[in-house]
Each structure stands twice: as structure tokens, then as C-alpha cells.
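In this note's numbering, the protein residues as written are 61 to 263.
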């Protein structure tokens, strides 16, 4: 199955939180999506497996990743030193599309992915159209010189409401961002219980 392209509000309602950023629909309709709205069966206590599966699905939705690649990230993080869940989350944050989003060049990760695939973004001075490319400390991410005046990018930078994370630096005149270090768990704002995901894959 391909990447989900339907209404994002429906996904946010399913998880009970705005996984794609501020959502006006979620403020008005807090019940899960479905023809009959909230019911008694939905109030049933979820199993341990269900809780773990739900957290994995939420992480995949947030980062726009498919199952095979998400599992690959788990396998790679398990082979590295450190807490597996934290290492895995840091890897997700170091994806090129996520870095473009964190820098404020796009209002969403989906928008950032589009900038990358349409060859508007450079990594260390070279055009990179692979959203899943891993950015390493010291790498420089920038808009391609002839695309720096794109209205959508300028608007996104002007509307950016959240402060830049402290593991990234941004130079406005040259529109270049640099990854200063691999983020620690405490530096990542996403509401995810990574241990549940690790337990799911370790079953």
C-alpha cells in the first residue's frame, strides 16, 4: 500500500492529537472518524499489542514513512549504541525532508518532501531529490540558488511560528541550514513513546 494521501484531519482524529500540526477540525471534532461517531465499542480498553501498533502508526504518519523503511530504521538503530528507540527517532529527525521542514522552508513534512523530490533542495551544494537521505552533523542544507525566491518558501519562512530547534543553525541571507549535532530525545518535540514501537518490532 502506498503513502496515505487522504484527509489529514481524519488521521489526527484517529490518534486524538494534531500529528500534522495545528488542526481546526480537531478542535471541533474530538471523536474518532467513522459513520456513527463515538460509541461504546470504541471505549473498550485497547490491548497491549493495539497500543504498540497505534504508536507505530502514529510515528509513520508523522514522518510520512512506509512500513518497509520504518522497519529498516528500527533494524539499523538496534545495531547502534544507545537506547534503540531514541536512536531510531533521531534517525527519523535527520531525514532530509524533516530537516527541510524543521528549517521552516515548508509548512509541513509533505511540503518539504515535495521540495526535495522536485529538486529544489541541495545537500552540501549538490541537488538531492531523495527525501529519506540522512543528513549528518556538519552537512549544509539549502534551497537551490535559482529557487530561493519561490513564493511558497518565502511565505513558509515568514509564517514559521515555532522556534528553530537548537540542533540546527540557519543563515537567512544565504538560505542555508546546518545540522549541528544529532538530536537527543529531549530536543525532539514529537509526542511519541518510542519504547512501545521497539516492543512492537521485538515481538
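Yeah, the Cβ is synthetic: ideal placement off N, Cα and C, and Gly gets one too.
Everything numeric in this text was worked out from a predicted model, so none of it was measured.
CB of residue i within 9 Å of CB of residue j, strictly
| i | j | result |
| --- | --- | --- |
| residue 228 | residue 165 | no |
| residue 202 | residue 181 | yes |
| residue 124 | residue 137 | no |
| residue 192 | residue 156 | yes |
| residue 212 | residue 237 | no |
| residue 176 | residue 189 | yes |
| residue 235 | residue 245 | no |
Alpha carbon of residue i to alpha carbon of residue j, nearest angstrom
| i | j | result |
| --- | --- | --- |
| residue 130 | residue 120 | 7 Å |
| residue 216 | residue 167 | 6 Å |
| residue 195 | residue 263 | 30 Å |
| residue 249 | residue 122 | 12 Å |
| residue 232 | residue 126 | 33 Å |
| residue 256 | residue 114 | 9 Å |
| residue 247 | residue 153 | 10 Å |
| residue 117 | residue 187 | 31 Å |
| residue 200 | residue 261 | 33 Å |
| residue 210 | residue 204 | 10 Å |
| residue 241 | residue 198 | 8 Å |
Reduced DSSP category for residue i - H, G, I as helix; E, B as strand; rest coil
| i | result |
| --- | --- |
| residue 182 | strand |
| residue 196 | coil |
| residue 143 | coil |
| residue 176 | helix |
| residue 190 | coil |
| residue 155 | strand |
| residue 61 | Because the pLDDT at residue 61 is just 41, under 50, the model does not fix this residue reliably, and the value given afterwards should be weighed accordingly. Residue 61 falls in the coil class under three-state DSSP. |
| residue 165 | coil |
| residue 122 | helix |
| residue 254 | helix |
| residue 209 | coil |
| residue 171 | helix |
| residue 148 | helix |
Buried or exposed (CB count within 10 angstroms, at least 16 for buried), residue i
| i | result |
| --- | --- |
| residue 109 | exposed |
| residue 258 | buried |
| residue 251 | exposed |
| residue 243 | buried |
| residue 150 | buried |
| residue 219 | exposed |
| residue 239 | buried |
| residue 179 | exposed |
| residue 159 | buried |
One or two residues paired with residue i in a DSSP bridge
| i | result |
| --- | --- |
| residue 239 | 228 |
| residue 160 | Answer is none; residue 160 lacks a bridge partner. |
| residue 203 | 181 |
| residue 131 | For residue 131, which the question treats as bridged, DSSP gives no partner whatsoever. |
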